[in-house]
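Let me begin by presenting the structure, written as structure tokens, before commenting on it.
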Amino acid sequence: MKKFVIFFAFSLFFSFNLIGQSSFLKIFNRFEMKFDHQIEDIFFEDLNNDNLEDILIQTKASDIKKLLIFFQRKEGFDFAPSQILNFDKNAIIFDVGNITNQYQGREIVYLTSSSLRFYYLEENLYNPESIKLIDISSIFLSPSPESPVRCQFIWDVNEDKLDDLFVSEPKNLTLFLGEENGIFKESQKIDSNPFFTTRSPFRFSLEDSETAENFSQKTITRVPVLYVGDFNGNKRKDIISIFKGEIEVFFQNEKNKFSKEPDFKINLDILTEKEKKKLLHPIFTVDAADLNNNGLIDIVVSKHEVQAMASLSKIYIHLNKKGKINVTPDQILVSESAQGNPKILDINGDNHLDLIITEAKMGLFQIIKILITRKVTFENAIYLGQGGKYPELPAAKIKSKMRFDFEKLEESEGEIAYFSGDFSGDGIKDILKKIDEKNMLAVFLGRSEARKKMFSKKASYEIKEELPMIIIIKDLNNDKISDIIFNFRMDEKKKLVLFLSK
Amino acid sequence: MKLSNVLKAEFRIQRKSSLVKFILITTFSLSILFGFIIFHSSYFAGPLSFLALMKGYENGFNFSISLNYSIFNILIFFIIIMASTTVSDEAQKGTLKTVLVKRVKRDEIIIGKFLFLLLFFFCLIVIISLFSLAIGGVLYGFPNISEKNYIIHSSLSLFFNYLLSLLLVVFPISALISLCLFFSVFFNNNMLPLISSLGVNFIFYIFAELDVYKYFFLANYMLYPLKTFKRMAQGLPLVWNPDVEYMLLATFLYSIGFLVLATFFFRRKEIL
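Protein sequences, first through last, are from chains A and B. Read left to right, the first sequence gives residues 1 to 502 (this note's numbering). Read left to right, the second sequence gives residues 503 to 774 (this note's numbering).
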């Protein structure tokens with residue numbers, strides 16, 4: 001009898017697990033790709049204009065700069081790459097864009113120390129021979145020995161369906177406007193510090209031939225972040241450069257021209273004089289986004305104290321008023337904990353951007369608790385925006401945990417919540433929880449009804465899988481339902497797992 | 503005998519008490535010390551920054567509430583010591599017997615002691631508040647909490663909320679006094695009620711850390727009024743609701759409940 005009870009309990013337990021797994025696989029198809037080398041970077045682009053995102057992967061092959069291309073078909077992805085493109089060894093940075101109508105699909109454009117070149121799609125594969133587009137000397141004097149870095153320098157600024165190119169030179173940005181025949185006319189030079197259009201710290205090699213012959217230096221530096229969007233309400237895209245607290249905007253006129261000097265310039269004076277004098281002054285980030293859905297780019301500044309014991313974090317909202325941002329913020333949100341950079345996205349599907357701020361209380365007792373338990377608890381505070389205004393208190397707080405080992409910090413485990421996915425296709429963001437201890441992935445659906453809690457209490461879908469350190473959420477098959485990508489780059493595993501929505 | 507007379511009698515007894523003198527001297531000495539630390543808190547760099555009691559925006563209200571909050575933490579111990587020994591001490595010394603001979607009702611003695619302790623500690627907090635507010639005003643003034651011309655909290659709203667927090671602090675104090683009086687009634691020596699009160703409060707502080715059950719424990723509300731205003735004075739959002747309602751309900755139940763129990767057991771107490 002006792003044995004029967006134990007057997008029954010076990011069967012019940014496993015059947016519940018199976019129910020969980022099958023429910024996750026009810027909405028996703030699982031794909032797994034294996035590689036010879038570790039993944040260095042991964043990008044998603046619709047290369048052949050079929051409305052399906054393809055995958056570009058850089059692996060850590062020591063000798064050749066390779067780009068593995070997986071074209072997405074209606075059924076999903078193949079297990080082997082559709083093409084392995086050997087990158088030009090002189091390539092430093094690259095981007096993908098539609099720079100000419102002469103070839104099908106989108107071109108892979110890269111910059112060398114002396115020219116801009118591109119690979120083009122021919123009979124569903126990229127021609128391994130690149131074509132030179134323009135001779136140009138950029139700020140990159142010598143090629144990087146590492147794989148080329150993906151960096152956005154292609155935009156359709158004048159919205160003529162042909163992408164335009166931005167090239168950074170030592171003291172200015174040169175804009176090349178694209179034409180149908182694939183010829184680029186140097187449009188104009190814009191006075192600015194070197195532009196990089198990436199948010200992450202940038203790897204590049206610099207060689208100063210005058211002072212240090214045969215000397216190369218790898219530098220990690222902070223450079224202006226570039227945004228392209230309408231700032232002054234004339235329905236044309238403007239160039240917005242943000243460097244520390246300084247914002248420079250170059251308006252696009254009726255002739256699709258930009259002025260050499262910025263049309264609007266402001267220093268937000270983010271750090272007070274007292275803060276500047278501190279040994280460890282507060283960390284801040286500046287983001288640009290249309291918070292109130294009026295078509296104009298607004299500014300969000302996040303500032304938090306470095307001192308863990310007395311952390312006080314502030315979010316400054318500067319709303320765009322007819323092409324102007326004031327030094328006086330429209331709102332200041334103050335919280336008592338150390339914060340990460342705010343995530344700006346529309347959580348509840350009302351077309352107004354919301355803020356997700358990751359907070360961790362860092363008092364003396366909390367630090368002692370962290371050191372004893374080796375566990376840090378974060379709270380993701382969700383502030384729902386309405387017309388660019390945010391309530392003083394968050395609408396919901398979702399907990400995340402992280403357990404760490406002092407000796408093996410890279411093997412830290414936890415329970416991390418991701419908010420950028422919509423797994424039901426209702427336009428409301430859902431929570432994807434990565435629970436390392438249980439090797440489990442769970443989806444909690446978002447709710448639109450104001451009376452109920454923002455997310456379902458119980459997981460709607462869950463699955464047990466070997467989990468990576470990085471999870472990417474993106475709609476790869478353009479069905480308005482988010483897909484999940486397991487990026488094992490940090491785990492030093494030579495594979496990629498995809499969950500594509502059915 | 504009227505309640506006011508009992509209160510007066512209690513005042514006469516406590517006026518000569520060495521414990522009251524000790525509390526007054528210690529409180530005012532610590533106020534000066536804490537005031538000095540708070541004023542210099544911004545100079546403590548890096549790892550010593552936990553001593554920076556005044557976080558956020560500098561102003562007179564922030565200075566005052568930081569000082570008041572620090573002192574109140576000490577006063578909680580003094581309330582426990584004084585309230586938990588007030589009846590047992592008299593029982594030990596035998597003075598309780600002489601009071602009862604004067605045709606005073608036992609209920610009146612308990613209520614008189616309760617009111618005296620409540621009044622004493624409330625007055626002490628008000629005096630410290632006025633004292634710290636005056637010093638804070640001299641040192642920092644009372645400007646609006648603002649940054650880049652954006653007003654986070656106006657000085658008027660800060661003033662009224664400070665006043666409100668001082669009034670609200672009466673509720674947790676009265677609940678704590680009732681709880682300690684209840685223990686004081688039980689024993690005829692000072693040590694046992696003191697240990698019981700400290701022990702129970704310590705357990706309450708542990709349980710108040712639990713998210714689910716914290717609303718049932720007094721420790722969750724002891725610092726609530728001052729803590730809420732302290733957050734406001736630092737520039738953080740002011741949030742009274744809904745916790746203030748829970749605090750009023752819980753502290754009212756604690757006060758009435760333990761006061762009734764204290765009088766009930768005191769009526770039956772055998773006084774030798």
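The C-beta atom is built at its ideal place from N, Cα and C for all residues, glycine as well. Bear in mind the structure is a predicted one, so any value in this text is a computation, not a measurement.
Discussion item. Using beta carbons (cut-off 8 angstroms, strictly below), is B/VAL741 in contact with chain A?
Written reply: The residue labelled residue 741 of chain B in the question sits at position 239 within the second sequence. Output row for B/VAL741: interface = yes.
Worksheet entry | 7 angstroms Cβ shell around B/LEU707 - same chain, five flanking residues per side excluded | Counted from its first residue, the second sequence places residue 707 of chain B at position 205. Correcting the residue identity first, residue 707 of chain B is Tyr in this sequence and not Leu. Contacts found: ALA721.
Worksheet item: When the Cα atoms are used, what is the spatial distance from A/ILE239 to A/LYS189?
Response: Residue mapping note: residue 239 of chain A aligns to position 239 of the first sequence, counting from 1. Residue mapping note: residue 189 of chain A aligns to position 189 of the first sequence, counting from 1. Going by the C-alpha atoms only, they are around 13 angstroms apart.
Item to complete: Can you pull the chain A residues whose beta carbon is under 8 angstroms from the beta carbon of B/ILE758, in chain order?
Response: Residue mapping note: residue 758 of chain B aligns to position 256 of the second sequence, counting from 1. By Cβ distance, chain A contributes nothing, its closest Cβ being about 32 angstroms from B/ILE758, past 8 angstroms.
Discussion item. Going by beta-carbon coordinates alone, are A/VAL334 and B/ILE654 separated by less than 8 angstroms?
Written reply: In the first sequence, residue 334 of chain A corresponds to position 334, counting from 1. In the second sequence, residue 654 of chain B corresponds to position 152, counting from 1. Cβ distance < 8 angstroms, so A/VAL334 and B/ILE654 count as in contact.
Item to complete: Closer than 9 angstroms, Cβ to Cβ, to anything on chain B: give me those residues from the stretch 326 to 358 of chain A, in chain order.
Response: ASN326, VAL327, THR328, PRO329, ASP330, GLN331, ILE332, LEU333, VAL334, SER335 and GLU336
Worksheet entry | Given 8 angstroms, three or more beta-carbon pairs between the stretch 516 to 533 of chain B and the stretch 577 to 590 of chain B | yes
Discussion item. On the criterion of 16 or more Cβ atoms from any shown chain inside 10 Å, does A/LYS218 qualify as buried, or is it exposed?
Written reply: Stepping through the first sequence from its first residue, residue 218 of chain A is reached at position 218. With a pLDDT of only 43 at A/LYS218, under 50, the local geometry of the prediction cannot be trusted, and the value read off the model is given with reservation. So A/LYS218 counts as exposed.
Worksheet item: Going by other Cβ atoms of all chains shown within 10 Å of its Cβ, with 16 needed for buried, is B/ASN663 buried or exposed?
Response: For the purposes of this step, residue 663 of chain B is identified with residue 161 of the second sequence, where counting begins at 1. Looking at its Cβ environment, which holds 16 or more other Cβ atoms inside 10 Å, B/ASN663 is buried.
Worksheet entry | Neighbour-count burial assignment, A/ARG73, 16 or more Cβ in a 10 Å radius | Position 73 of the first sequence holds residue 73 of chain A. Exposed, because fewer than 16 other Cβ atoms sit within 10 Å of the Cβ of A/ARG73.
Worksheet item: How far does the beta strand (DSSP E) with A/ALA417 in it reach, from first residue to last?
Response: Residue numbering aside, residue 417 of chain A sits at position 417 when the first sequence is read from its first letter. Per DSSP, A/ALA417 belongs to the beta strand (DSSP E) from 413 to 421.
Worksheet item: Could one say the Cβ of A/GLU392 lies closer than 8 angstroms to chain B's Cβ atoms, at least one of them?
Response: On the first sequence, position 392 is the one that residue 392 of chain A refers to. By this cut-off, A/GLU392 is an interface position.
Worksheet item: From A/PHE94 to A/ILE84, what distance separates their C-alpha atoms?
Response: Here residue 94 of chain A refers to the residue found at position 94 when the first sequence is read from its first residue. Here residue 84 of chain A refers to the residue found at position 84 when the first sequence is read from its first residue. Cα atoms of A/PHE94 and A/ILE84: separation of roughly 16 angstroms, rounded to the nearest angstrom.
Worksheet item: Any idea if B/HIS542 is buried or exposed, counting beta-carbon neighbours within 10 angstroms, 16 or more meaning buried?
Response: Numbered from its first residue, the second sequence carries residue 542 of chain B at position 40. With fewer than 16 Cβ atoms within 10 Å of its Cβ, B/HIS542 is classed as exposed.
Worksheet item: Expressed to the nearest angstrom, what Euclidean distance is found between the alpha-carbon atoms of B/LEU755 and B/PHE624?
Response: Against the second sequence, residue 755 of chain B aligns to sequence position 253. Against the second sequence, residue 624 of chain B aligns to sequence position 122. One C-alpha to the other measures close to 20 angstroms.
Worksheet item: In whole angstroms, what is the alpha-carbon distance linking A/SER241 and A/PHE264?
Response: Here residue 241 of chain A refers to the residue found at position 241 when the first sequence is read from its first residue. Here residue 264 of chain A refers to the residue found at position 264 when the first sequence is read from its first residue. When rounded, the distance between both Cα atoms is 10 angstroms.
Worksheet entry | A/LYS399 beta carbon less than 8 angstroms from that of A/LYS375 | Taking the first residue of the first sequence as 1, we reach residue 375 of chain A at position 375. Taking the first residue of the first sequence as 1, we reach residue 399 of chain A at position 399. It is not a contact, given that the beta carbons lie outside the stated cut-off.
Worksheet item: Name the DSSP beta bridge partners of A/ASN380, please?
Response: Here residue 380 of chain A is taken as the residue at index 380 of the first sequence, counted from 1. According to DSSP, which records beta bridges pairwise, A/ASN380 is partnered with A/THR358 and A/ILE398.
Worksheet item: Could one say the Cβ of A/LEU312 lies closer than 8 angstroms to chain B's Cβ atoms, at least one of them?
Response: Taking the first residue of the first sequence as 1, we reach residue 312 of chain A at position 312. Yes, because at least one Cβ of chain B sits closer than 8 angstroms to the Cβ of A/LEU312.
Practice prompt. Answer with buried or exposed for B/VAL741, where buried requires no fewer than 16 other C-beta atoms within 10 angstroms of its C-beta.
Written response: Looking up residue 741 of chain B in the second sequence gives position 239. When all chains shown are included, B/VAL741 counts as exposed.
Worksheet entry | Neighbour-count burial assignment, A/PHE196, 16 or more Cβ in a 10 Å radius | Within the first sequence, numbered from 1, the residue matching residue 196 of chain A stands at position 196. Note that A/PHE196 scores a pLDDT of 46, beneath 50, so its modelled location is shaky and nothing firm can be said.
Practice prompt. Tell me, please, which residues DSSP counts as bridged to B/ALA585.
Written response: Along the second sequence, read from residue 1 onward, the residue named residue 585 of chain B stands at position 83. BP columns for B/ALA585 are empty, so no partner.
Item to complete: Pull up the CB-CB distance for B/SER757 and B/SER676, whole angstroms please, since I reckon it's below 8 angstroms.
Response: For the purposes of this step, residue 757 of chain B is taken as the residue at position 255 of the second sequence. For the purposes of this step, residue 676 of chain B is taken as the residue at position 174 of the second sequence. The Cβ separation is near 5 angstroms, so the contact holds.
Item to complete: Using a Cβ-Cβ cut-off of less than 8 angstroms, give me the residues of the stretch 588 to 603 of chain B that come near chain A, in sequence order.
Response: none
Worksheet item: So the alpha helix (DSSP H) B/LEU528 belongs to, where does it begin and stop?
Response: Residue 528 of chain B sits at position 26 when you count from the first residue of the second sequence. Going by the sequence as given, residue 528 of chain B is Thr instead of Leu. Start and end: 520 to 541.
Worksheet entry | Local conformation of A/MET454 per DSSP, three classes | If you number the first sequence from 1, residue 454 of chain A lands on position 454. Three-state DSSP puts A/MET454 in coil, outside helix and strand.
Item to complete: Classify A/SER482 as helix, strand or coil using the three-state DSSP reduction.
Response: Your numbering for residue 482 of chain A matches position 482 in the first sequence. Reduced to three states, the DSSP call for A/SER482 is coil.
Item to complete: Look at the alpha carbon of B/LEU683 and the alpha carbon of B/LEU700, and state the distance between them as a whole number of angstroms.
Response: The residue you call residue 683 of chain B lines up with position 181 of the second sequence. The residue you call residue 700 of chain B lines up with position 198 of the second sequence. One C-alpha to the other measures close to 12 angstroms.
Worksheet item: Is the CB of B/GLU649 under 8 angstroms away from at least one CB in chain A?
Response: The residue you call residue 649 of chain B lines up with position 147 of the second sequence. Yes, B/GLU649 lies at the interface with chain A (some Cβ there is under 8 angstroms from its Cβ).
Discussion item. I'd like to know whether the C-beta of B/LYS729 is nearer than 8 angstroms to at least one C-beta of chain A.
Written reply: Start at 1 with the first residue of the second sequence, and residue 729 of chain B comes out as number 227. Among the CB atoms of chain A, none fall inside 8 angstroms of the CB of B/LYS729.
Practice prompt. For A/GLY512, collect the residues of the same chain with a Cβ closer than 6 angstroms to its Cβ; drop the 5 residues on either side in sequence, then sort them by chain order.
Written response: The shown model of chain A, from 1 to 502, leaves out residue 512 of chain A, and the question about it has no answer.
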